[in-house]
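Quick note on the UniProt record's numbering: the sequence shown kicks off at 1 and runs consecutively. Virtual Cβ for every residue (Gly too), placed ideally from N, Cα, C. The model shown is predicted, which means the values in this text are computed figures rather than measured ones. Down below is the structure, laid out as structure tokens.
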Amino acid sequence: MADVLTRFKSGKIWDFKGGIHPPEMKSQSNQSPIQQSELANDFYVPIKQHAGSAGNVLVKEGDYVLKGQPLTQGDGLRTLPVHAPTSGTIKFIEKHVAPHPSGLTEDMIHIQADGLDKWREQFPLEEFFTQPVEQLIDRIYQAGVAGLGGAVFPTAAKIQSAEKKVKLLIINGAECEPYITCDDRLMRDYTDEMIEGIRILRYILRPEKVVIAVEDNKPEAIQVIQQSLHGANDIELRVIPTKYPSGAAKQLIYLLTGMEVPSGGRSYDIGVLMHNVGTAFAVKRAVIDDEPLIERVVTLTGDKISEKGNYWVRLGTPVDHLLAQVGYQYDERFPVFAGGPMMGLQLSDLNAPVTKLINCLLAPDHFEYGEPEPEQSCIRCSACSDACPVNLMPQQLYWYARSEDHQKSEEYCLKDCIECGVCAYVCPSHIPLIQYFRQEKAKIWEIKEKAKKAEEAKIRFEAKQARMEREEQERKARSQRAAEARREELAKQKGEDPVKAALERLKAKQAGSADNKETKTIVSEKGKILPDNHELMEQRKARRLAKQQAQAGTSTVTDTTPSQTDEKEAKKAAVAAALARAKAKKAAAQVESTATNSIESAVEKTDENSTALDPKKAAVAAAIARAKAKKAAAQGEAVTTNTAESAVEKTDENPTALDPKKAAVAAAIARAKAKKAAAQGETITTNETESVVEKTDENPTALDPKKAAVAAAIARAKAKKAVAQTEIVTTNETESAVEKTDENPTALDPKKAAIAAAIAKAKAKKAAAEAAKETE
């Protein structure tokens, strides 16, 4: 197969299959030079104006920007920056309507112009051929240059990808679509700057041949270019026949070389690269003048526009502002198109801004535009297939697009469709084929994009899992090495493995606790399962008894009188009696108020006659009542009860054997232990009783027997108050009785006191019996 240069140098023009010859309608706008449009007051600059991803915004609301200042910045050659079209203030950064038939919104930067149009600092470059290629490519990228022929592909990325692969560089000046004349006027009005941009591209790409291709319907442009070249042999001009769509990249390459670009491939795969004449001009401005791409030539044409022509338009200018300058009168019956009649898009909102993609604004009237004919069924005439310039089968693609058979659409090479609109132009059924194909392409692209993102997410997840597993293994290895090092160090010091020994001790402890643990279930009257605190209570009881015995022993040791030896047995009996009283009070907490009232009545009667009561008998009666109540409530406290009863029996046998001093000591101990057994926060002050006991220890003869009896009654009343939590008033009355007794010790009737004691014993026994029944 012949080389691409050989075929080009042959000078032959190869005609591609299909194509049409619609009315050109170019004379409306190509008669006058390019003019400068008026600046708008508000500019809406889209963040993304190229084929690629949007860059990161560099400005914020309220910032003041200069003309040419970058507003965004990307992280690669495929993410082009956008620049401020004029100087002014950033009003907001938010959604605004886009120049698209859907009327959807895009992220845009709203700039309110200040009218000064002040440039940022510029750094022109006169001798580009003295600069490295990489620096020139970077200047093109920083200027935001994209393909202005319609694809808006980032020029810097396109140049870099084809570097050292290009043999033939084609500059496209065909401009085949009807009505559009922006490239024609640019070649005629800015010929030298365009050629300078072509030479910069040639310097970067180093092709063997450079050619400017122009259709033969532009004789003025052809003549001007020939004059500017002055017979130079580095750039060649090639005139091609007028035919739509000869300006498409693949069709123009075929016209000049007779070679087809492979399906799904790039033109540089066969050694060819193509740029638009507008792109070459933008390259010159970027490299030589340090001017970013902030404006482009736009053709304003159509019978609804009175001042037709080509204008330099700043990117971001609202369409309605631009049309108002050229005498456009809005008519809702006739739409405005962005682009030509073949490939243009109908604008749904004229507030949309001009972008790098828009090369023409077409506003037809009723002579040029008619309502679309109603769509009819396909008759399989094959007119669309015959006219398709890329040898596709539009009638088949139409069915697959309608049924959303994406697999079949791809099998029939939908991606090779250049969306030229020829098929829809020749269709006798007026089927808008190009719209179906665009929608199908968008759906396929969305599906692939989701699959791509899912695959990327899967790869990231797998990488994360692998990293986490690796880190976990590393942590385990470090821990294991550290543990081994510690074991070795301790083994050297003690001769045994401490970890192993600790594990064995733990296992033995767990096994012992499992064997010794006995599960007991206690069910309350209401059917609730209560915890088993039997063992804990036994332990507390043992500790309490040991503490009491130690206190009793200490007091015995400190007493040096000869009578202390005789008093030990009595004190022990008193201690046992106090313990019995505490148990009885705890078991009969709900019925002790009755007994308290009886004792109080007895105490009150004491105020009448205190001389008739034998203090020893009163103490004995109180001890018997306490012992009997404790025996009934404790359910098994036989030993303690017997001890108390034995002490009482001895007292019955010999009333005179009980020393009043010992009774007072026993009463004091009973009061203290009762307070401790209550354990519900009700602290009872026993300073008065203890003071009595202290006086007894100091002077055995100083205690009045009557006062001892009264103190015992007070102790019992206060213990009942701690259990019932409500006996404050009763205790106060008892204490007042004691005070009265101290004032008149002769007022107590011994008979009444004995009767009161008997009543108290009977009621205590009854309450204990009822408590025992409820417990069972």
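- Contact between residue 300 and residue 53 fails: their C-beta atoms lie close to 31 angstroms from each other, not under 8 angstroms.
- A residue is called buried once 16 or more other Cβ atoms fall within 10 Å of its Cβ, and residue 136 is buried on that count.
- Taken through DSSP and simplified to helix, strand or coil, residue 355 comes out as coil.
- Within its own chain, the residues whose Cβ lies closer than 8 angstroms to the Cβ of residue 247, once the five positions on either side in sequence are excluded, are 149, 172, 174, 175, 176, 177 and 215, listed in chain order.
- Using a C-beta cut-off of 8 angstroms, the segment 81-88 makes contact with the segment 50-70, since at least three inter-stretch Cβ pairs fall below that distance.
- With contacts defined as CB atoms closer than 8 angstroms, residue 59 and residue 145 fail to qualify as a contacting pair.
- Annotation: residue 108 is outside any alpha helix (DSSP H); the continuous beta strand (DSSP E) that includes it extends over 105-113.
- Only buried fits residue 225, as 16 or more other CB atoms lie within 10 angstroms of its CB.
- In this structure, residue 292 lies away from residue 50, with their beta-carbon atoms at least 8 angstroms apart.
- Counting only residues of its own chain and dropping the five nearest sequence neighbours on each side, residue 422 has a CB closer than 6 angstroms to the CB of 20 and 387.
- Annotation for residue 300: the continuous beta strand (DSSP E) segment containing it runs 295-301.
- If the five residues before and after residue 44 are omitted, its C-beta is found closer than 7 angstroms to the C-beta atoms of 96, 108, 110, 316, 318 and 353, all from its own chain and listed in chain order.
- Comparing C-alpha distances from residue 71 to each of 448, 368 and 81 shows the shortest one belongs to 81.
- Around the CB of residue 358, 16 or more other CB atoms lie within 10 Å, so the residue is classed as buried.
- Assignment of residue 100 by DSSP, reduced to helix, strand and coil, places it in the coil class.
- Measuring C-alpha to C-alpha distances from residue 101 to each of 278, 308, 193 and 438 identifies 438 as the nearest.
- The Cβ-Cβ distance between residue 124 and residue 288 falls below 8 angstroms.
- Looking at the DSSP output, residue 72 bridges to 57.
- Across the set 758, 296, 369 and 398, the C-alpha of 398 shows the shortest separation from the C-alpha of residue 375.
- For residue 275, the enclosing beta strand (DSSP E) covers residues 272-276.
- When C-alpha distances from residue 324 are compared across 341, 304 and 196, the shortest belongs to 304.
- Just measuring C-alpha positions, the residue of 457, 392 and 452 sitting nearest residue 433 is 392.
- By the 16-neighbour rule on beta-carbons within 10 angstroms, residue 295 is buried.
- If you ignore the 5 residues before and after residue 575, its C-beta comes within less than 7 angstroms of the C-beta of 548, 552 and 669, all in its own chain and listed in chain order.
- Residue 89 has 64 and 112 as its beta-bridge partners, per DSSP.
- Secondary structure at residue 171: strand, using DSSP grouped into helix, strand and coil.
- Around residue 321, the same chain offers 40 as residues with beta carbons nearer than 6 angstroms, after the five sequence neighbours per side are excluded.
- Looking only at 259, 229, 17 and 378, the smallest Cα-Cα distance to residue 199 is reached by 229.
- For residue 42, the closest C-alpha among the options 373, 119, 115 and 404 is that of 115.
- When the Cα atoms are used, residue 351 and residue 308 turn out to be separated by approximately 20 angstroms.
- Per DSSP, residue 219 is not a residue of any beta strand (DSSP E); the alpha helix (DSSP H) it occupies stretches across 219-229.
- About 11 angstroms separates the beta carbons of residue 346 and residue 334, which is beyond the 8 angstroms limit, so they are not a contact pair.
- In the structure shown, the three-state DSSP call for residue 321 is helix.
- The alpha carbon of residue 420 has as its nearest neighbour, out of 251, 767, 186 and 402, the alpha carbon of 251.
- About 20 angstroms separates the CB atoms of residue 154 and residue 98; that is not less than 8 angstroms, and the two are not in contact.
- Per DSSP, residue 410 lies in no beta strand (DSSP E); the unbroken alpha helix (DSSP H) holding it starts and ends at 406-411.
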